[in-house]
Every structure is written in C-alpha cells, then in structure tokens.
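In the working numbering, the protein residues as written are 47 to 227.
In what follows, a single structure is set out as structure tokens and then discussed.
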Amino acid sequence: MVLIAVLIFLTSCHPMQRDDKVPTVEVSIGDSVGKVKGHVWPKRDDGSSRDITGLDDPCNITVHFPSGKAFSSWTNTVFMDQENRILKRVSIVPLTDRVTYLKAIGELERIARELKVDEHPRWKRAVDAWRKEKPAEDIPHSRSMEVPLENNINVWLEMKYDTKHNGWYVIVKFTIPLDEK
Numbered sequence: 047m048v049l050i051a052v053l054i055f056l057t058s059c060h061p062m063q064r065d066d067k068v069p070t071v072e073v074s075i076g077d078s079v080g081k082v083k084g085h086v087w088p089k090r091d092d093g094s095s096r097d098i099t100g101l102d103d104p105c106n107i108t109v110h111f112p113s114g115k116a117f118s119s120w121t122n123t124v125f126m127d128q129e130n131r132i133l134k135r136v137s138i139v140p141l142t143d144r145v146t147y148l149k150a151i152g153e154l155e156r157i158a159r160e161l162k163v164d165e166h167p168r169w170k171r172a173v174d175a176w177r178k179e180k181p182a183e184d185i186p187h188s189r190s191m192e193v194p195l196e197n198n199i200n201v202w203l204e205m206k207y208d209t210k211h212n213g214w215y216v217i218v219k220f221t222i223p224l225d226e227k
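Put into structure tokens, the structure is as follows:
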C-alpha cells in the first residue's frame, strides 16, 4: 500500500517531456541489486540493502531478463524491490501525461505486443472486457492483468485513473514471485 501511495504521489506531478538526455538505468531482474547501473541501491545504517528504492526523475530504463531478452522504455518513475539482495520487482510509468481511458488501453496493448504477451488468453479477455466498459471519471479506478513473461518472470500491465489530474496513467511491473529465487 505504501508503494501504491508513493507511486500515485510521484506520478501526480506535472507531466515531463520525453528527453533523450535523461539518465539511463539498467537492471537485471533476478540478479544482484549491486549490478544495477545508473542508480545506487540505498543502504540502511547497518549496511544492509533497503527493500525498496525508486527514482522520481525521468530516465530511460532497460530491464534485462534471465533469458537474455530485454525491455527498454522511457519512464517518469521507477520503483524497485529486492529480497536477499536479489532484484524481484521493477515498476515503471511510461507515459509523460495522463491520457484517456482508450489511450491507456492502447498503450498497454502496445507494450503487450512489444513483450510478446499480447496473444495470452487472459490478456486478450481482459482487454476485450476493458474496451466494452465506460468507467465513471469521478472516482478512482484501476485495471490490471498479470501474465507470464518467461520462466519465473511475470508482467503486470496496469492502468489507473487519477482523479486529481482527470486522466489515466500506465504502470508496467516486472516481477518474480517473492518466494521464488
């Protein structure tokens, strides 16, 4: 819940313009947090790694997967979680501004195609159902679907309505189940 509250706060700031001069961050999900490039994982007073870290400035991020595949995107915000110094989750917000409901769905569909999960039956059913809905715009809403990306790696494709800024934003989370190594 704290992560969600922080994510909503950080993404409610004024939208940033895409910029080729923003920093680059590279991470490998399932690998040591010590190998994160472009960001130093914060430590506690006792020297152990904090469980969660984030970047609240725009950057280009590349997420590497155990198979050797990678996903690269501009992002407005990044959150990362670790367990036993192993990177378990990377969450990004790939849009510069709030968008309409249908544009948010379109962005998730684009990302699903890029990740090659767009043909997954659960994803297809979810998107079909979302396209038939017309959610109210005066209360918070969210839509999300988790699909397997590769062995022990899942991707959450999510969109949330921001009542303060009257639009939808997109979150993409790459995860390893926390009980998995």
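Glycine included, every Cβ here is placed at the ideal spot set by N, Cα and C.
So, are the CB atoms of Y215 and L161 less than 8 Å apart? It is not a contact, given that the beta carbons lie outside the stated cut-off.
Residue range of the unbroken alpha helix (DSSP H) whose run includes A150: In the DSSP annotation of this structure, the continuous segment of the alpha helix (DSSP H) that includes A150 starts and ends at Y147 to L161.
By Cβ distance below 6 Å, which residues in the same chain neighbour Y147 in space, the five residues on each side in sequence not counted? Counting only residues of its own chain and dropping the five nearest sequence neighbours on each side, Y147 has a CB closer than 6 Å to the CB of W214.
Measure the C-alpha to C-alpha separation of D164 and I132 and round it to an integer number of angstroms. When rounded, the distance between both Cα atoms is 28 Å.
Considering only DSSP beta bridges, list what I217 is partnered with. Per DSSP, E204.
Less than 8 Å between the CB atoms is what I'm expecting for S137 and K219, so what's the real figure, rounded? Contact flag correct, Cβ pair sits at about 4 Å.
Do the CB positions of W169 and A158 come within less than 8 Å of each other? Against a cut-off of 8 Å, the Cβ pair of A158 and W169 comes out as a contact.
Thinking V6 and I107 are a contact (beta carbons under 8 Å), I'd like their distance in whole angstroms, please. With the chain represented from 47 up to 227, any question about residue 6 goes unanswered, as that position is not in the structure.
Under 8 Å between C-beta atoms of R96 and P88: Yes, they are a contact pair.
P167 (DSSP reduced to helix, strand or coil): Three-state result, P167: helix.
Buried/exposed call for T121, threshold 16 Cβ in 10 Å: In summary, T121 is buried, with 16 or more beta-carbon neighbours lying within 10 Å of its beta-carbon over all protein chains present.
Could you tell me which of G100, K149 and V145 sits nearest to V73, measuring between CA atoms? The residue with the shortest Cα to Cα distance from V73 is G100.
Supposed close pair T123, V145 - CB separation, criterion 8 Å: With a Cβ gap of about 16 Å, T123 and V145 do not count as contacting.
Identify whether W120 lies in helix, strand or coil by the three-state DSSP scheme. The answer is strand: DSSP assigns W120 an E or B state.
Cα separation between K180 and A150? Between the alpha carbons of K180 and A150 lies a gap of roughly 13 Å.
Alpha-carbon spacing of T221 relative to N200, whole angstroms: Roughly 5 Å between the two C-alpha positions.
In three-state terms, what does DSSP make of V68? Reduced to three states, the DSSP call for V68 is coil.
Throw me the rounded Cβ distance for the I217 and E204 pair, which I believe falls under 8 Å. Contact between I217 and E204 holds: CB atoms are separated by about 4 Å, below the 8 Å threshold.
Paired residues, beta bridge with D127 - DSSP: Under DSSP, D127 forms a beta bridge with I98 and R135.
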